[in-house]
Amino acid sequence: MSFSHSRQKKLIEMIHADGEVRIRDLMLHFNVSEETARRDIKQLEQDGLIVRVHGGAVATQQPKLLAVSSRAISQRAEKNAIAEIALGLLKPGQNLFLGGGSTVLSLARRISALPEMRIVTNMVDIAIAAADGRRHRVVMLGGEFDPDFRTVTGFLGLRTLREQQIDVAFIGVNAVHPALGVFDHEQVGQDLAATLSEQTRKIVVLADHTKFGLSVRYRILPHSAISSIITDRKPALDVLKQIEAAGAQVLYPQQKPS
């Protein structure tokens with residue numbers, strides 16, 4: 014993590030501890046210039062994580078909802094690159110599913126100005142971002158709310174999802190194994206992926222380069238069930254060949270969809 018990302022993560026923690034932060038306090042705490050402090054606040058506001066006020070910033074959410082905010086800061090440039098490629102897969106009138114996670118959230122924040130689509134999601138932040146501008150119809154799945162990931166889980170949401178016909182589903186994952194598929198830390202990811210496989214024409218995985226070569230506890234999908242994996246840089250050639258041989262296309266900034 015770069016110095017600026019580390020500083021911004023700490024800045025969010027300070028805001029959620031005290032409810033607000035002042036420019037002068039940031040300058041003293043981090044030993045930075047006023048310009049740097051204001052730039053950090055502006056960037057975090059653009060990411061939807063804080064609200065600027067005169068002389069500082071205030072929180073936009075409750076302290077226990079910090080987990081996704083912190084992840085949204087890390088690999089920000091990578092997430093933005095992935096989201097820009099994903100935009101190329103969108104068409105007016107599509108029915109989309111947007112899963113939880115900070116990478117998918119980066120995509121959701123870019124679609125408000127696009128022609129009308131129908132968006133189904135299980136993440137509160139994504140529903141809010143997709144509804145911005147009031148162009149799109151947004152369906153929020155029901156279920157038990159997870160305050161750490163800001164998603165809803167359980168049979169109620171899966172039952173609603175089974176009633177949908179989805180053109181493209183965009184999901185985030187915790188790991189991409191070159192041979193075995195994509196993985197998640199939580200078992201609920203398996204249940205969601207299984208339902209999406211039944212209801213979705215195309216499943217697109219959004220994963221930055223740090224997720225490649227890993228495997229965590231729960232495999233949620235084999236590569237054969239995935240249409241595309243979008244990442245921020247070209248994977249190693251042997252990894253790329255294994256994934257594509259298994260049936261998934263890999264898209265990265267030099268290899269955008271045609």
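Numbering (the working numbering), first residue to last: 14 to 271.
Glycine included, C-beta positions come from ideal geometry on N, C-alpha and C.
Check: Residues near Lys-77 in its chain [Cβ-Cβ closer than 8 Å; skip 5 each side]; Outcome: Confidence at Lys-77 is low in this model, with a pLDDT of 41, below 50, so its placement is unreliable and no value can be given for it.
Check: Close beta carbons around Gly-146, own chain, < 8 Å, minus the five adjacent residues each side; Outcome: Ser-125 and Ala-126
Check: Reduced DSSP secondary structure (H/G/I, E/B, other) of Leu-120; Outcome: helix
Check: C-alpha distance - Gly-68 paired with Arg-35, whole-angstrom precision; Outcome: 6 Å
Check: Proximity of Asn-287 and Asp-197 at Cβ, strictly below 8 Å; Outcome: Any question about residue 287 goes unanswered here, given that the chain covers just 14 to 271.
Check: Thr-173 vs Leu-193 beta-carbon contact at 8 Å; Outcome: no
Check: Close Cβ partners of Glu-58 (< 8 Å) along its chain, the five nearest in sequence each way excluded; Outcome: Val-64, Arg-65 and Ala-70
Check: Pair within 8 Å by beta-carbon distance, Gln-175 and Gln-212; Outcome: Looking at the sequence itself, residue 175 is Arg, so the reference to Gln does not match. Contact flag set, yes.
Check: Closest Cα partner of Thr-223 within the set Ala-238, Arg-214 and Pro-248; Outcome: Pro-248
Check: Test item: CB-CB of Gly-170 and Asn-135 under 8 Å; Outcome: yes
Check: Opposing strand residues paired with Met-136 [DSSP bridges]; Outcome: Thr-164
Check: Pair within 8 Å by beta-carbon distance, Ile-239 and Ala-261; Outcome: yes
Check: Cβ distance (whole Å) where Phe-183 is taken to contact Leu-109 below 8 Å; Outcome: 7 Å
Check: Through-space distance from Leu-100 to Ala-258, alpha-carbon basis; Outcome: 25 Å
Check: For Val-201, the three-state DSSP class (helix, strand or coil); Outcome: helix
Check: Selection from Arg-20, Ala-30, Glu-26 and Ile-233 that minimises the alpha carbon distance to Arg-51; Outcome: Arg-20
Check: Test item: CB-CB of Ala-94 and Asp-245 under 8 Å; Outcome: yes
Check: Residues bridged to Glu-157 (per DSSP); Outcome: Thr-166
Check: Assigned exposure category for Leu-79 - 16 Cβ within 10 Å defines buried; Outcome: With a pLDDT of 45 at Leu-79, under the threshold of 50, the modelled position of that residue is not reliable, and no figure is offered here.
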